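Asks: Below: one structure in structure tokens.
There are 2 protein chains.
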Amino acid sequence: MSVIYNKVALIGLGLIAGSISLAARQAGAASRISGTSRSAKTRSAARDLKLVDEVVDNAAAAVRNADLVVLCVPVGAMGKVMAEIKPHLKPGAVVTDVGSVKQEVIEQVSPHLPDNVHFIPGHPLAGTEHSGPYSGFAELFENRWWLLTPLPDTDPDELSRLRRFIRALGANVEDMEPAHHDLVLAVTSHTPHLIAYTMVGVADHLKRVTESEVIKYSAAGFRDFTRIAASDPTMWRDVFLTNKDAVLDILGRFTEELFMLQRAIRMGDGEQLHDYFTRTRAIRRGIIEAGQDTAAPDFGRGAKPTGKPANDGV
Amino acid sequence: MSVIYNKVALIGLGLIAGSISLAARQAGAASRISGTSRSAKTRSAARDLKLVDEVVDNAAAAVRNADLVVLCVPVGAMGKVMAEIKPHLKPGAVVTDVGSVKQEVIEQVSPHLPDNVHFIPGHPLAGTEHSGPYSGFAELFENRWWLLTPLPDTDPDELSRLRRFIRALGANVEDMEPAHHDLVLAVTSHTPHLIAYTMVGVADHLKRVTESEVIKYSAAGFRDFTRIAASDPTMWRDVFLTNKDAVLDILGRFTEELFMLQRAIRMGDGEQLHDYFTRTRAIRRGIIEAGQDTAAPDFGRGAKPTGKPANDGV
Numbered sequence: 001m002s003v004i005y006n007k008v009a010l011i012g013l014g015l016i017a018g019s020i021s022l023a024a025r026q027a028g029a030a031s032r033i034s035g036t037s038r039s040a041k042t043r044s045a046a047r048d049l050k051l052v053d054e055v056v057d058n059a060a061a062a063v064r065n066a067d068l069v070v071l072c073v074p075v076g077a078m079g080k081v082m083a084e085i086k087p088h089l090k091p092g093a094v095v096t097d098v099g100s101v102k103q104e105v106i107e108q109v110s111p112h113l114p115d116n117v118h119f120i121p122g123h124p125l126a127g128t129e130h131s132g133p134y135s136g137f138a139e140l141f142e143n144r145w146w147l148l149t150p151l152p153d154t155d156p157d158e159l160s161r162l163r164r165f166i167r168a169l170g171a172n173v174e175d176m177e178p179a180h181h182d183l184v185l186a187v188t189s190h191t192p193h194l195i196a197y198t199m200v201g202v203a204d205h206l207k208r209v210t211e212s213e214v215i216k217y218s219a220a221g222f223r224d225f226t227r228i229a230a231s232d233p234t235m236w237r238d239v240f241l242t243n244k245d246a247v248l249d250i251l252g253r254f255t256e257e258l259f260m261l262q263r264a265i266r267m268g269d270g271e272q273l274h275d276y277f278t279r280t281r282a283i284r285r286g287i288i289e290a291g292q293d294t295a296a297p298d299f300g301r302g303a304k305p306t307g308k309p310a311n312d313g314v
Numbered sequence: 001m002s003v004i005y006n007k008v009a010l011i012g013l014g015l016i017a018g019s020i021s022l023a024a025r026q027a028g029a030a031s032r033i034s035g036t037s038r039s040a041k042t043r044s045a046a047r048d049l050k051l052v053d054e055v056v057d058n059a060a061a062a063v064r065n066a067d068l069v070v071l072c073v074p075v076g077a078m079g080k081v082m083a084e085i086k087p088h089l090k091p092g093a094v095v096t097d098v099g100s101v102k103q104e105v106i107e108q109v110s111p112h113l114p115d116n117v118h119f120i121p122g123h124p125l126a127g128t129e130h131s132g133p134y135s136g137f138a139e140l141f142e143n144r145w146w147l148l149t150p151l152p153d154t155d156p157d158e159l160s161r162l163r164r165f166i167r168a169l170g171a172n173v174e175d176m177e178p179a180h181h182d183l184v185l186a187v188t189s190h191t192p193h194l195i196a197y198t199m200v201g202v203a204d205h206l207k208r209v210t211e212s213e214v215i216k217y218s219a220a221g222f223r224d225f226t227r228i229a230a231s232d233p234t235m236w237r238d239v240f241l242t243n244k245d246a247v248l249d250i251l252g253r254f255t256e257e258l259f260m261l262q263r264a265i266r267m268g269d270g271e272q273l274h275d276y277f278t279r280t281r282a283i284r285r286g287i288i289e290a291g292q293d294t295a296a297p298d299f300g301r302g303a304k305p306t307g308k309p310a311n312d313g314v
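One line per chain: the protein sequences are A and B, in this order.
Per UniProt numbering, the first sequence runs over residues 1 to 314.
Per UniProt numbering, the second sequence runs over residues 1 to 314.
Next comes the structure, spelled out in structure tokens:
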């Protein structure tokens, strides 16, 4: 693999930044990777791990002479970081970000953008419930989608160069309109996270069912929610505050639908429940066929089925 | 391992029955295992797989001379099956079940119980999103909980014998009051499943966000919901119809809590969101410490973190 960017600067050294660095190093996609974090502890951990070639003390130093700058901070911090690095950006540099919300990042970043710098917003649909410098790994982006939401005046050559870099990390790239991105993600990610946080919170509040029992007997569904609800609180706070409209829209639809099923339970309407559950089962098949999850039962958590795995009774 | 029951009869040949048979065979806990299913296709598949020692055509034939009868059918079918096998049960036999709701099963089964037969209701907290005869595997119960809800007149010797059999399958046994069981499971399993079904249904209905996009970009949270929402529709219909009160109670709490978070999003109350998400993260740690899930990020779905996995930024 040939070098795509000479110097890459990572602002933030968490799960995504660390994984970008490790994957880019493995692919030989950058000559030198510089990184920084606001937290001295994170910078020190990144140095110990040799997560990047060079850990520097501030964003200004990191972006100096960088050909690609990747903003890997929570959505709410993007504007502030951009204002900070603005005077230090190399003319012709590309700035991208990895935020989970795109319209808000564009609004925050655009006012601080020098004329001779290209901004191409992005969002890798990859992650785990872990965060921080220890959580990154080179394979995080393999076969995952990385959405770009280029602006009307985005330079096509720089766009295709960024796409090549992202593909070198192992991801599949697709373009999307920023507003559409925010709606799709509200459905596939933001609302599911809020719901998981809520369900875990309900369990936590219940006095009659002690916490230890909830934890002890969590295998039957609840533990999957706790995994999602273990995601980084700052990142997710910012997601909900900045993708408010789409999340409130989807939450409204969710509540309507939940009330309909709740009513079916109350009225004893088994046919409605059975029909609903049969339809949702088909969506799972679609996800497995699209290669976006394992077909192994229980995510392969120790499950070893005999014979062909069948999703239906035979 | 010595034989605990001479003949074991499994009524139903799905995921749980198949796994019981394979685990019991591996442990040498039964001399002979007989099984049946209402469906001729399931019986034929079980024969092909040699899932049990003997596949018979009806429940009456299966229970004949059996020392342990395990009812592995949906909760709504327990009473009917019990009425069917009643005249054919061996005096002194133990009948247990694997239903996800306990009060309803006790109500359905008790009227059909001969005086000389022991009924010990049970519920293995184990399963995958797959169902049917092909989905079972011997390791399903390893380190999982298997709850028993013995009745006031349960024979202590038969109870401890059943416990030994369940431990031979690899599970940990605990006793619980039937009503308490139904509430704990409403929190840890039933309500999470309903919520997952609902979220997947919302995604399915959305016209602006096409199904293919939802599937394509499902990695960021939604796909975990689809796994849960791929579970057996008949089993889950029966769970909601028969554990109605506890599920409606927990759903009411869930909705209150969701509305509070929804309001925080609408009002832009980032502090409330951040506090909430920080609390729920701690519960995940409890589940991992209790050995009820893997600490590997993303359930170990291909994730290989460098260094020590840290849940927090450092």
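Glycine included, C-beta positions come from ideal geometry on N, C-alpha and C.
Bear in mind that the values here come from a model prediction, so they are computed numbers and not experimental data.
Excluding the five sequence neighbours on either side, which residues of its own chain have a C-beta within less than 7 angstroms of the C-beta of A:Pro114, listed in chain order?
Replies: The residue you call residue 114 of chain A lines up with position 114 of the first sequence. Correct list, in chain order: Lys86, Leu89.
Asks: For the segment 247-268 of chain B, enumerate the residues whose C-beta is nearer than 9 angstroms to any C-beta of chain A, in chain order.
Replies: Against chain A - using a Cβ distance shorter than 9 angstroms - the residues of the segment 247-268 of chain B are Val247, Leu248, Ile250, Leu251, Gly252, Arg253, Phe254, Thr255, Glu256, Glu257, Leu258, Phe259, Met260, Leu261, Gln262, Ala264, Ile265, Arg266, Gly268.
Asks: By the DSSP assignment, the beta strand (DSSP E) with B:Ser34 in it spans what residues?
Replies: Translated into the one-based positions of the second sequence, residue 34 of chain B becomes position 34. 30-36 is the span of the beta strand (DSSP E), which, as asked, contains B:Ser34.
Asks: Return yes when the Cβ of B:Ala171 is within less than 9 angstroms of the Cβ of B:Phe137, no when it is not.
Replies: Counted from its first residue, the second sequence places residue 137 of chain B at position 137. Counted from its first residue, the second sequence places residue 171 of chain B at position 171. Not in contact: B:Phe137 and B:Ala171 (Cβ atoms no closer than 9 angstroms).
Asks: Residues of chain B with CB closer than 8 angstroms to the CB of A:Met199, please, in chain order.
Replies: Residue 199 of chain A sits at position 199 when you count from the first residue of the first sequence. Residues of chain B passing the Cβ test: Thr191, Pro192, Ile195, Phe254.
Asks: By DSSP's criteria, B:Gly122 is part of a beta bridge. Which residues make up the other side?
Replies: The residue labelled residue 122 of chain B in the question sits at position 122 within the second sequence. Its beta-bridge partners are B:Leu148.
Asks: Do the segment 189-199 of chain B and the segment 239-250 of chain B meet, that is, are 3 or more Cβ pairs less than 8 angstroms apart?
Replies: Yes: the two stretches touch, three or more of their Cβ pairs being nearer than 8 angstroms.
Asks: Inspect the beta-carbon positions of B:Val105 and B:Trp145 and report whether they are closer than 9 angstroms.
Replies: Here residue 105 of chain B is taken as the residue at index 105 of the second sequence, counted from 1. Here residue 145 of chain B is taken as the residue at index 145 of the second sequence, counted from 1. No. Outside cutoff.
Asks: The ligand GTP and B:Met267: does the residue's C-beta get closer than 8 angstroms to at least one heavy atom of that ligand?
Replies: The ligand GTP is not part of the structure shown, which contains no ligands of any sort.
Asks: Pick out whichever of A:Ala29, A:Glu213, A:Thr154 has its Cα sitting closest to the Cα of A:Val95.
Replies: Here residue 95 of chain A refers to the residue found at position 95 of the first sequence. Ranking the options by Cα distance to A:Val95, first place goes to A:Thr154.
Asks: How far does the alpha helix (DSSP H) with A:Val200 in it reach, from first residue to last?
Replies: For the purposes of this step, residue 200 of chain A is taken as residue 200 along the first sequence, with counting starting at 1. Counting along the chain, the alpha helix (DSSP H) containing A:Val200 begins and ends at 191-205.
Asks: According to DSSP, simplified to helix, strand and coil, what is B:Tyr217?
Replies: Against the second sequence, residue 217 of chain B aligns to sequence position 217. Of the three classes helix, strand and coil, the one that applies to B:Tyr217 here is coil, per DSSP.
Asks: Contact check, A:Val117 vs A:Gly99 under 8 angstroms by CB: the rounded distance?
Replies: Residue numbering aside, residue 117 of chain A sits at position 117 when the first sequence is read from its first letter. Residue numbering aside, residue 99 of chain A sits at position 99 when the first sequence is read from its first letter. About 18 angstroms; that fails the 8 angstroms criterion.
Asks: For B:Ile11, does the three-state DSSP call read helix, strand or coil?
Replies: Here residue 11 of chain B refers to the residue found at position 11 when the second sequence is read from its first residue. Strand, per DSSP.
Asks: In terms of residue numbering, what span does the alpha helix (DSSP H) encompassing A:Val109 cover?
Replies: Here residue 109 of chain A is taken as the residue at index 109 of the first sequence, counted from 1. Unbroken alpha helix (DSSP H) run through A:Val109: 103-109.
Asks: Would B:Ala23 and B:Ala168 be called neighbours here (beta carbons separated by less than 9 angstroms)?
Replies: Locating residue 23 of chain B in the second sequence gives position 23, where the first residue counts as 1. Locating residue 168 of chain B in the second sequence gives position 168, where the first residue counts as 1. Yes, Cβ-Cβ distance for B:Ala23 and B:Ala168 is below 9 angstroms.
Asks: Please list, in chain order, all residues of the same chain as A:Gly132 whose beta carbon is under 8 angstroms from its beta carbon, the five residues on each side excluded.
Replies: Within the first sequence, residue 132 of chain A is the residue found at index 132, counting from 1. Cβ within range, chain order: Gly14, Leu15, Thr42, Ala45.
Asks: Kindly say whether B:Val214, judged by its beta-carbon, lies nearer than 9 angstroms to any beta-carbon of chain A.
Replies: In the second sequence, residue 214 of chain B corresponds to position 214, counting from 1. Yes, B:Val214 counts as interfacial toward chain A.
Asks: Closer than 9 angstroms, CB to CB, is B:Val202 near chain A or not?
Replies: Here residue 202 of chain B corresponds to residue number 202 of the second sequence, with the count starting at 1. Yes - at least one Cβ of chain A is within 9 angstroms of the one on B:Val202.
Asks: If A:Val109 and A:Gly79 are in contact, beta carbons under 8 angstroms, what's the gap, nearest whole angstrom?
Replies: Here residue 109 of chain A corresponds to residue number 109 of the first sequence, with the count starting at 1. Here residue 79 of chain A corresponds to residue number 79 of the first sequence, with the count starting at 1. A:Val109 to A:Gly79, Cβ: 6 angstroms. Contact.
Asks: For B:Glu54, which three-state DSSP category applies?
Replies: Position 54 of the second sequence, counted from the first residue, corresponds to residue 54 of chain B. Strand, per DSSP.
Asks: Shorter than 9 angstroms from the beta carbon of A:Lys244 to some beta carbon of chain B?
Replies: Residue 244 of chain A sits at position 244 when you count from the first residue of the first sequence. Yes, A:Lys244 counts as interfacial toward chain B.
Asks: Please report how far the alpha carbon of A:Ser135 lies from the alpha carbon of A:Asp232, in whole angstroms.
Replies: In the first sequence, residue 135 of chain A corresponds to position 135, counting from 1. In the first sequence, residue 232 of chain A corresponds to position 232, counting from 1. Rounded to whole angstroms, A:Ser135 to A:Asp232 spans 12 angstroms at the Cα level.
Asks: Hey, is B:Ser160's beta-carbon within less than 9 angstroms of any beta-carbon in chain A?
Replies: Along the second sequence, read from residue 1 onward, the residue named residue 160 of chain B stands at position 160. It does not: the Cβ of B:Ser160 has no partner Cβ on chain A nearer than 9 angstroms.
Asks: On the DSSP letters alone, give me the boundaries of the alpha helix (DSSP H) that B:Leu183 sits inside.
Replies: For the purposes of this step, residue 183 of chain B is identified with residue 183 of the second sequence, where counting begins at 1. Element bounds for B:Leu183: 178-185.
Asks: What do you reckon, are the CB atoms on B:Asp53 and B:Arg32 nearer than 9 angstroms?
Replies: In the second sequence, counting from the first residue as 1, residue 53 of chain B sits at position 53. In the second sequence, counting from the first residue as 1, residue 32 of chain B sits at position 32. Cβ distance < 9 angstroms, so B:Asp53 and B:Arg32 count as in contact.
Asks: Using a Cβ-Cβ distance under 9 angstroms, would B:Ile287 count as near chain A?
Replies: Locating residue 287 of chain B in the second sequence gives position 287, counting from the first residue. Closer than 9 angstroms to some Cβ of chain A, the Cβ of B:Ile287 qualifies, so yes.
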